[in-house]
Structures are given as C-alpha cells and as structure tokens.
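For the sequence shown, position 164 (counting from the first letter as 1) is numbered 177 according to this note's numbering, and the numbering increases by one without interruption. For glycine and all other residues, C-beta sits at the position ideal for the given N, C-alpha and C. Here the structure is a predicted model, which means the values were calculated and not measured.
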Amino acid sequence: MGNRSARVALVALALVILAVAFPELAQAAGDAAAEAHGGEHHAALGTRLPLWACIPFAGVLLSIALFPLLAPHFWHHHYPKVAAGWAVLFCVPFLGVYGKEAVDAILHIYVADYIPFIILLWALFTVSGGIVVRGTLRGSPMVNTTLLLIGALIASLVGTTGAAMLLIRPLIRANSWRIHKTHLIVFFIFLVANVGGSLTPLGDPPLFLGFLHGVPFFWTLHLLPLYALVCAMLLVGFYFLDGWYYKKEPADAVAAMKAVEAVPFKLAGLHNFGFLAGIVGFVLFSGIAKLGEIHLTGHLHLPIQNLVRDVGLVVLGIAAYKMTKPAFRAENDFSWGPIAEVAYLFAGIFMTIIPALEILKAGSHGALAWLVEGVNTDVRYFWVTGILSSFLDNAPTYLTFFNTALGSLGAQGTEAEQVQALINATDGNLTESTLLAIAAGAVFMGANTYIGNAPNFMVKAIAEEA
C-alpha cells in the first residue's frame, strides 16, 4: 500500500491468521518451557508476580511523559525502539521464568485485546481522514464551542478516533491566527477524544473491550445522564475560558480574521460515511453472531465472528483509502504518523502492562491486595478505575476492574451470563451501577493524560505537526 500504517494493520491481521493457522507453534514453545520447569502446577500467575515486575511498564510511561520534553529530536526518531526496548526487557525474563503461562498471557493480550483494538482505531482513522470539512470557520468562542459540541455528539457514532480526526484539523485551521490556543486542544481531548464516546462500544476503546467481553451493545446508553452532565459542564466552562482568552488577542488580528471572505460550509468525501456505517455494522455483527470459536492455546479462544469483524475492518479501511481522492487527504494534512505512533507505543504498553493487570486480577492474593480489597463500593470503583485509567491506559484498566467486579459477584456461567447477572443484580454492593461506575471512570478520566486513551496520542501528534 506504500505506507507504514497500512502495513501495521496488515501485520496485525497476519498475526491473527498465523495464530489461528499454527497454534501448535505457541503450544510447542509453552510446552518446552513447562518441561524445563518440571511441568509442576502453579497458582494463578498474578499471585506469584512481584510488584517490581511492573518496572518496565513504569519505564514506558515515564519515557512517553519525559522524552518528548527532554529529548524531542531523539524521541521523534526512536520512540518505536524505546517502546520495543522496554517490551523486550520485560518479555525475555518473563518467558524464561514462567514459560507456557507467559506465552498464554502474551498471546491473550495481543490476540484478544491489542490487535482488535488497533485494527478498529486504524479503520476509523483511515476512513475519517478522507472526509474533508470545508468552509470559513472563524475561531471565536461560539464557533469553537460549536465544533466541540458537534464532536461530542458524533463521537459515539463514529468513534472518538473518527470524530477527533474529522474535527481537529478544522479547529486548528479556524484558530491558526490566535496566540492563546493551547486550551483548545486540552478541551478537545476532554470532549471529543474521550467523554463524547460514552454512549456506544464504538465510541471509546474501553467500552469496545467491554463489548468484546459480553456487555450488550446498547447497554452503554445508560451512561447518557452522566455524559450529558459532564459535556454540559465542560462546554460551559470552555465557552467562558475561551472568551477570556479571545479578549486577550491583538485587536488587529481579530479584525483581520473577521475580514476574511466567508466560504460556505461543505463536506467532501461523503462516500466515506458509507464505510463508517460498514464499521458499525461489523462491530454489531461481532456482538450478535455466534459462529463458534477457534482454540489457540491454553485458555485462549478466538471467536470466529471477531475474526470476521477484524478482516472486514481491514478490508473497509483499505477500500476507503483506495477510493478516496489523494487531494482530499492532502487537504486534511493527512499522514500515517499519528496512528503509527499509537500502534508502536501501545504495542509496548500492552506487553509491559501484563504484570500490572495480572496482579490486579489476582485480587486479595496479589501484590496489590490492599488496593483491590479497598475497592468495594461504586464510588471507589469509579475513582480507582478513573485514576488508574489516567496512567495505565483506560482500555486495559477498564477490563481489569470489569473482571474484578465479575469475580466479586461470584456469578456462574459464561462471561456474557456473568455480565447479565451483574446488570440484573439488585442486592448487595455490586449492581448495574457498579458497571456504570467502572465505565464512566475509564472513559471520563482517560482524558487526564496522553497515555490515558489512544485518540489522545493522535490529537497530540496532529497538534504538534500543526
């Protein structure tokens, strides 16, 4: 395809197909490691992992936070190597000590979570990059607030990635004349890249992972009251803050902006909305269809409908890229850099986060027992999920406390049946509101840092390029 982002998606798809076609490779590697350790039976992995196993994960996070500030040139050219270095630093001893268990854990987080996660983001990024917003947008408080409102309204339909890629460049162009504009990107991340995606699994990555693990597609509409309240607070706050900064702009700059000839509002590349509808259709299909499973290794099973979804998303992304005029993407200043950065960095994050997630899943038997045991009410689920989402990435953090809640409930049956039991529960500390607290904490507070949610990275990268 002539671009590295498309290759990232195709390589990810190839990994899925390889795992399906040759599961015996992973099984053989795991069996060899198990034999080396005598084949003894162990307690759950998370109960045996020491807390210091999370050091490479902390290293990834600190690298992402500090290198762009302290060594921006080095980071720009070598961030994939840095992420890979931390991943290898964790992976090699992890495989050496835990053998087959380590193979299973790594395969699970990449095949079940990372690959579907990155394919969905790539498809939304590619399709939305071919939709052009034209017209004269003057960066006044009312225009900026309206853009943020539109983004917050459509994010649950086209995903926070799609909405962010569609509107971030028009917002930047509309305010290119302004001096005081950093707050625009901050509130854009709050509203469009995070809170706006609260209402569907397509909207935000953690909700998509919840959907993959049995949460009904339309259940997330229960977040509507919280979504409306937080959006209203942020929009009102932004309007007055932007107005305050707007008054500080030079008078001649404001006059020059107002003198620019108005160009009617128009959308180009409308056929891409059909591809967005196709993405929604494949995601819905994967939640409704039951086509059986393919056993890979250990406890890892790949639902066939999920494989169909991922292949379908890759095909839609490639078709959208081929059928969109290059001039449209050029008009959007479209490049593969933002999605490539997300793919590389999150590959490192998902590898090194394994011990943190396993320890949290071990509950009272793990090194973070004091934290898990203290999370026993909806309020605590909200705050702990939210705070950790800011620093561990909200998608796997959501999944961790989602599993913690299911385990504490003690329901039997399939994962989907356990989820339904939690939704239907009316007695005790764990009820449907617990799931709401976990979802809201992950989605809302993923906005707090660049690593809290994948679209934050993309918005940051595009803003820096501009």
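If you follow the alpha helix (DSSP H) that residue 362 is part of, which residue opens it and which one closes it? In the DSSP assignment, residue 362 falls within the unbroken alpha helix (DSSP H) covering 350-365.
Considering only the beta carbon of each residue, do residue 295 and residue 247 sit closer than 8 Å? no
Suppose you measure from the CA of residue 315 to the CA of residue 370; what does that come to, to the nearest Å? 20 Å
Collapsed DSSP secondary structure at residue 228 in the structure displayed: Three-state DSSP puts residue 228 in coil, outside helix and strand.
Have a look at residue 231 and residue 171 and give me their C-alpha separation to the nearest angstrom. 15 Å
Is it buried or exposed, residue 325, if we count other Cβ atoms within 10 angstroms and call 16 or more buried? buried
With a 10 Å radius around its C-beta and 16 neighbouring C-beta atoms as the bar for buried, classify residue 304 as buried or exposed. Exposed is the call here.
Counting C-beta neighbours from all protein chains within 10 Å, is the total for residue 114 16 or more, i.e. buried, or is it exposed? Buried, by the Cβ-count rule.
Please specify which runs of the beta strand (DSSP E), each continuous and at least 3 residues long, are wholly inside the segment 297-346, giving them in chain order. 306-310 and 313-316
Residue 212 - DSSP class collapsed to helix/strand/coil: coil
Residue 197 beta carbon less than 8 Å from that of residue 184: yes
Straight-line gap, residue 111 to residue 153 (C-alpha atoms, nearest Å): 58 Å
My output table needs one value for residue 94: the three-state DSSP class, helix, strand or coil. helix
Does DSSP classify residue 481 as helix, strand or coil? This structure does not reach residue 481, given that the chain is present from 14 up to 479, and the question cannot be answered.
Inspect the beta-carbon positions of residue 372 and residue 62 and report whether they are closer than 8 Å. Between residue 372 and residue 62, the gap from beta carbon to beta carbon is short of 8 Å.
Report the residue from 403, 362 and 430 whose alpha carbon sits nearest the alpha carbon of residue 126. 362
What does the Cβ neighbour count give for residue 389, buried or exposed, with the cut at 16 atoms within 10 Å? exposed
Please confirm if the segment 387-406 is in contact with the segment 130-141, defined as three or more CB-CB distances below 8 Å between the two stretches. no
From 106, 89, 124 and 300, residue whose alpha carbon lies closest to that of residue 309: 124
Please go through the same chain and pick out, in chain order, the residues whose beta-carbon is closer than 8 Å to the beta-carbon of residue 342, but skip the five residues on each side of it. 142 and 143
Restricting to runs no shorter than 3 residues, where is the beta strand (DSSP E) found entirely within the segment 155-201? none
Since I believe residue 199 is in contact with residue 161 (beta carbons under 8 Å), could you give me their beta-carbon distance rounded to a whole number of angstroms? Incorrect: roughly 11 Å between the Cβ atoms, too far for contact.
Applying the criterion that 16 or more other CB atoms from any shown protein chain within 10 Å of the CB defines a buried residue, is residue 300 buried or exposed? buried
Where does residue 205 fall in DSSP's three states? coil
In angstroms, rounded to a whole number, what distance separates the CA positions of residue 282 and residue 211? 26 Å
Is residue 279 helix, strand or coil when you go by DSSP? Reduced to three states, the DSSP call for residue 279 is strand.
Got a sec, what are the start and stop residues for the beta strand (DSSP E) residue 145 sits in? Going by DSSP, residue 145 is part of the beta strand (DSSP E) stretching over 145-147.
Return the Cβ separation of residue 455 and residue 402 in integer angstroms, given the expectation that the two are a contact with Cβ distance under 8 Å. 5 Å
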